[in-house]
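In this note's numbering, the protein residues as written are 365 to 833. Backbone N, C-alpha and C define an ideal beta-carbon position, used for all residues, glycine too. None of these values were measured; they are calculated from a predicted model.
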Amino acid sequence: MIKFKSESKLNTIQFICFGFNWIVGFGFITALTKTVNLGVWSLLCFAIAAFVSFATMLVFARATEKYPQVSGGTYGYTKLAFGKFATFFQGWNQISHIFLLSATAPLFLSELLTLLDSTPANQTYYKVGSVILFILITLIAVFSLKVSKIFLLIFAIFKYLIIFGGTILIIYFCFKDNSFSENINATEKINLSTIAAKTMIFIFAFNGFNNIAALSKDTIGITKFKKIMVIIYSLVFSFYLLTCLLFLGINGAQNIKGYEGIFLKAFSVTGLIIFIIGATFNRLSSQLGYTIWYARIIAPMAEDGYLPEMFKKKNRFGEYSNAMYLALGATIVSMILFVIIPIIFNLENAFESMVTAGTIVYMVNYLGTFIAICYLHFKKKMLKIPWWELMLYFLAMGVIVVILLLTLIPPIIGDPWTITNSIMLFSYLGSMAFGYLVWFSYYLYKRIKHKNKIKLEEPELKNVLLVEE
């Protein structure tokens, strides 16, 4: 079982490094892989995503400073502002991360393996093999490994050997080729739906500030949390922007598939194998952190009676062990289900579709947080937010709504409805509907249990009255 030592609190420098490490990784590799073919348009998608992420960072930082004892992130803030229905919606929306994003790891690995062998007949084997591998990794992470700063550092080293190693190669090829003008001139025209889809992938790359804010209790000596969050954002933004700009200087950048393409270009098949190993370690590192975070989202909902009480219990190490087991089971089911569905429907862009579906969850989460915090400011007068920050919140909310509409309802701009759109929409709606079914079932269970308890107590009460008489 995963264990956090009570003395493993993070100081300012450690928390900045932790935050940077949490955000930069799989999401950025994914974004670079899926957007570099847009050429200069990728910078527009990056700019929009960076703005939304900056506003998101601000709102979570402010909420964390004001309500440091609130558990569950967006769930806790919504609970302060609204009723049970909205609170449950935001809480289960966060849990939907498990269902919609767990499958991205095996799907990404299977895509990488196709670069080694593109034989169509072998694609199913790669997907199944990737699922089995990541299920084993998840089981090991939960049952066998002791999480500590040193352990996470070891996995971070493997991760950054790939990220910074790839960045060094990007710098080398950029100065060697100096193909900025060619790549900019070669940029093709794109439509609004493409911009929306690629922007969502960059938002996926920036995701994590809500998770970092939720882990603020694991820090020591940090008094100005918002300042620390701004520093983390600045580091992430600078690294992302520099890498994207340098990539535009590589000859044939539009035909290179992100970091894996760089390693393939530099070291042929050997480079690709190195990248695959590093990416696998990256996902292992992320899985450890997300298992704990998911548990901290599930537990507050159990404490409030939306989920069974067993999921709010802590083990002797102070972690929600039963909630971790629930997250583990949901992760495994999700990996199997959302890898089988693309095989059945023969979807070619299954990985990108699941990333988009998962990012929808993030964006709904962000939107809900903006609404809750603004409500606490305007209606309940519990927060004082400067006008310029409120303007950023409202602009970010507008951008999020537009991107969600363009992604979920493409016919509004004349694009056809595809089976990919159906899977994305019904995956999200299905996960939310399942949540309400769980809540309703548990509500009925509690009512029936309460009635049975009353029936059992009635004879005892009558006997007591007879004795008194």
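C-beta contact flag for residue i and residue j at 8 Å
i: K419; j: A760; result: The sequence shown places Ala at residue 419, not Lys. Yes, the Cβ-Cβ distance between A419 and A760 is below 8 Å.
i: F589; j: E429; result: yes
i: F611; j: V400; result: yes
i: M468; j: G722; result: This sequence places Thr at residue 468; Met is not what is there. Yes.
i: I767; j: T558; result: no
i: I787; j: I705; result: yes
i: I662; j: F709; result: no
i: F449; j: F645; result: no
i: V600; j: F627; result: no
i: L556; j: A630; result: no
i: G642; j: L525; result: yes
i: I812; j: I595; result: no
i: P664; j: S435; result: yes
i: I576; j: G383; result: yes
i: N375; j: A520; result: no
i: F498; j: R647; result: yes
i: N457; j: V728; result: yes
i: L731; j: A445; result: no
i: F410; j: L605; result: yes
i: Y684; j: W803; result: no
i: L479; j: L636; result: yes
i: A336; j: L770; result: Absent from the model: residue 336. The displayed extent of the chain is 365 to 833, so no value can be given.
i: L477; j: F715; result: no
i: M755; j: Y597; result: no
Which residues DSSP lists as bridging residue i, in chain order
i: L711; result: Answer is none; L711 lacks a bridge partner.
i: L480; result: According to DSSP, which records beta bridges pairwise, L480 is partnered with nothing at all.
Residue span of the alpha helix (DSSP H) that contains residue i, given as start and end
i: E429; result: W405 to K430
i: G762; result: W751 to L772
i: V594; result: F589 to F611
i: Y441; result: T438 to A445
i: N401; result: From DSSP, N401 is part of no alpha helix (DSSP H); its letter is neither H nor E.
i: K562; result: L556 to F570
i: F573; result: F573 to A578
i: N549; result: F544 to N549
Cβ distance (whole Å) where residue i is taken to contact residue j below 8 Å
i: S460; j: C608; result: Not quite, the Cβ-Cβ distance comes to about 29 Å (not below 8 Å), so this is no contact.
i: E667; j: K676; result: 5 Å
i: A395; j: I565; result: 5 Å
i: V725; j: I412; result: Going by Cβ atoms, the distance from V725 to I412 rounds to 19 Å, so no, they are not a contact pair.
i: V495; j: T733; result: Rounded, the Cβ-Cβ distance is 32 Å, inconsistent with contact.
i: M688; j: A659; result: 5 Å
i: N615; j: S543; result: 4 Å
i: N547; j: G403; result: 5 Å
i: T488; j: I707; result: 6 Å
i: V703; j: K491; result: 5 Å
i: A691; j: F463; result: 11 Å between Cβ atoms; not a contact.
i: C339; j: G440; result: No information on residue 339 is available, as it lies outside the stretch 365 to 833 that the chain covers here.
i: T442; j: Q454; result: 4 Å
i: F573; j: G391; result: About 12 Å separates the two Cβ atoms, so there is no contact after all.
i: A414; j: M593; result: Actually they do not touch by this definition, with Cβ atoms about 15 Å apart.
i: G530; j: Y623; result: 4 Å
i: L789; j: L772; result: 6 Å
Any non-hydrogen atom of the ligand ZN within 7 Å of residue i CB
i: K562; result: As for the ligand ZN, it is missing from this structure, which has no ligand bound.
Practice prompt. Kindly provide the ranges of any alpha helix (DSSP H) runs that are 4 or more residues long and lie completely inside the stretch 447 to 471, ordered along the chain.
Written response: As far as the stretch 447 to 471 is concerned, its whole alpha helix (DSSP H) runs of at least 4 residues are 448 to 465.
Discussion item. Could you tell me which whole alpha helix (DSSP H) segments of length 4 or greater appear in the stretch 774 to 819?
Written reply: Those alpha helix (DSSP H) runs which fall completely within the stretch 774 to 819 and span 4+ residues do not exist here.
Worksheet item: What are the complete alpha helix (DSSP H) segments, minimum 4 residues, inside the stretch 672 to 699?
Response: none
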